[in-house]
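In this text, residue positions in the sequence shown follow full-length UniProt numbering: the first is 1, and each later residue adds one. Glycine residues also receive a C-beta, built at the ideal position from the N, C-alpha and C atoms. See structure below.
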Amino acid sequence: MAATPPSTGGGVASFCGGRGWGGQVGGGGVSRGGVGLSSSQFQEAINGFRRRILAASAVAAATPLAADATRIEYYATVSEPSCELNFVRSGLGYCDVVVGSGAEVPYGQLINVHYTARFADGIVFDSTYKRARPLTMRLGTGKVIKGLDQGILGGGGVPPMQVGGKRKLHIPPQLAYGPEPAGCFSGDCNIPANATLVYDVNFVEVYKGNRK
Numbered sequence: 001m002a003a004t005p006p007s008t009g010g011g012v013a014s015f016c017g018g019r020g021w022g023g024q025v026g027g028g029g030v031s032r033g034g035v036g037l038s039s040s041q042f043q044e045a046i047n048g049f050r051r052r053i054l055a056a057s058a059v060a061a062a063t064p065l066a067a068d069a070t071r072i073e074y075y076a077t078v079s080e081p082s083c084e085l086n087f088v089r090s091g092l093g094y095c096d097v098v099v100g101s102g103a104e105v106p107y108g109q110l111i112n113v114h115y116t117a118r119f120a121d122g123i124v125f126d127s128t129y130k131r132a133r134p135l136t137m138r139l140g141t142g143k144v145i146k147g148l149d150q151g152i153l154g155g156g157g158v159p160p161m162q163v164g165g166k167r168k169l170h171i172p173p174q175l176a177y178g179p180e181p182a183g184c185f186s187g188d189c190n191i192p193a194n195a196t197l198v199y200d201v202n203f204v205e206v207y208k209g210n211r212k
């Protein structure tokens, strides 16, 4: 969730790099079994395959969680809590699944959040629930993507979140990673260029540790 995107692990991305397809690449195109594909069509197929593998690995990784409550939370977010999105001028969409009753997000301070992140088609690419611990993050200092800053801190027609709140954020490319792919490892990227991202965010608490 930070400006450097969350890693989903290099093993999956490397596995989906396109080898083992049995195709031959040359002259700007690809042929497999006598069927010709352009380079862009081949890359589209690779990306679709990679995303299906990522989705499968996300569910598999959730299985060994130590805390049953965290596992239940993970599957609850995977099932996509529904609420009606409100869109503001920036293009951000938001809706509150649960309105918090605690403190508002302190600008520039550390907070702990749980989240599940997915593409617009519903495929999950990252979740703190898999790791059974929230993410400590700082808002308002350029450390996270703009959609998370606005969606959690508030502003521009979006109310600030409060501790205990759960919010769905529909983040367009210009408030996410823009025209560049992200989450890249060994040349393979988990988040394609111009991707719309959907985050289910749970504001757990204001950070109380010694980290600065």
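Give the single residue among ASP96, SER90, VAL88 whose Cα lies nearest to the Cα of TYR199.
In the sequence shown, the residue the question calls residue 199 occupies position 199. Among ASP96, SER90, VAL88, the Cα nearest to that of TYR199 is on ASP96.
Tell me, please, whether the segment 98-108 touches the segment 159-167 by the rule of three or more beta-carbon pairs shorter than 8 Å.
Taking a cut-off of 8 Å for Cβ pairs, the segment 98-108 and the segment 159-167 touch, as three or more such pairs fall below it.
Test item: CB-CB of LEU148 and GLY140 under 7 Å:
If you number the sequence shown from 1, residue 148 lands on position 148. If you number the sequence shown from 1, residue 140 lands on position 140. Going by C-beta atoms, LEU148 is not nearer than 7 Å to GLY140.
Is the beta carbon of ASP149 within less than 6 Å of some heavy atom of the ligand ATP?
This structure lacks the ligand ATP; in fact it carries no ligand of any kind.
Does the Cβ of PRO134 have 16 or more other Cβ atoms within 10 Å, making it buried, or fewer, making it exposed?
Taking the sequence shown and counting its residues from 1, one reaches residue 134 at position 134. Around the beta carbon of PRO134, a 10 Å sphere encloses 16 or more other beta carbons of the protein chains shown; the residue is thus reported as buried.
Report all residues from its chain with a CB closer than 7 Å to the CB of ALA120; omit the five preceding and five following residues, and keep chain order.
Walking along the sequence shown from the start, residue 120 turns up at place 120. The answer, listed in chain order, is THR196, VAL198.
Just mark ARG89 as buried or exposed, buried being the case when its beta carbon has 16 or more other beta carbons within 10 Å.
Position 89 of the sequence shown, counting from 1, holds the residue named residue 89. Around the beta carbon of ARG89, a 10 Å sphere encloses fewer than 16 other beta carbons of the protein chains shown; the residue is thus reported as exposed.
Use the C-beta contact count for PRO179: other C-beta atoms within 10 angstroms, 16 or more gives buried, fewer gives exposed.
Your numbering for residue 179 matches position 179 in the sequence shown. Label assigned to PRO179: exposed.
So, helix, strand or coil for ARG118, using DSSP?
Here residue 118 refers to the residue found at position 118 of the sequence shown. Strand at ARG118.
Simplified DSSP assignment, three categories, for LYS143
Taking the sequence shown and counting its residues from 1, the one referred to as residue 143 is at position 143. Per DSSP, reduced to three states, the secondary structure at LYS143 is coil, with no helix or strand assignment.
Beta-carbon spacing of PRO181, PRO172 below 7 Å
Counting from one through the sequence shown, the residue named residue 181 turns up at place 181. Counting from one through the sequence shown, the residue named residue 172 turns up at place 172. One thing to note: PRO181 has its Cβ no nearer than 7 Å to the Cβ of PRO172.
Of the residues ILE123, LYS168, ASN112, GLY155, which one's Cα is nearest the Cα of CYS83?
Walking along the sequence shown from the start, residue 83 turns up at place 83. Looking only at ILE123, LYS168, ASN112, GLY155, the smallest Cα-Cα distance to CYS83 is reached by LYS168.
Should THR116 go down as buried or exposed, given a rule of 16 or more other Cβ atoms within 10 Å for buried?
As a position in the sequence shown, residue 116 is number 116, starting the count at 1. So THR116 counts as buried.
Opposing strand residues paired with MET137 [DSSP bridges]:
Locating residue 137 in the sequence shown gives position 137, counting from the first residue. ILE111.
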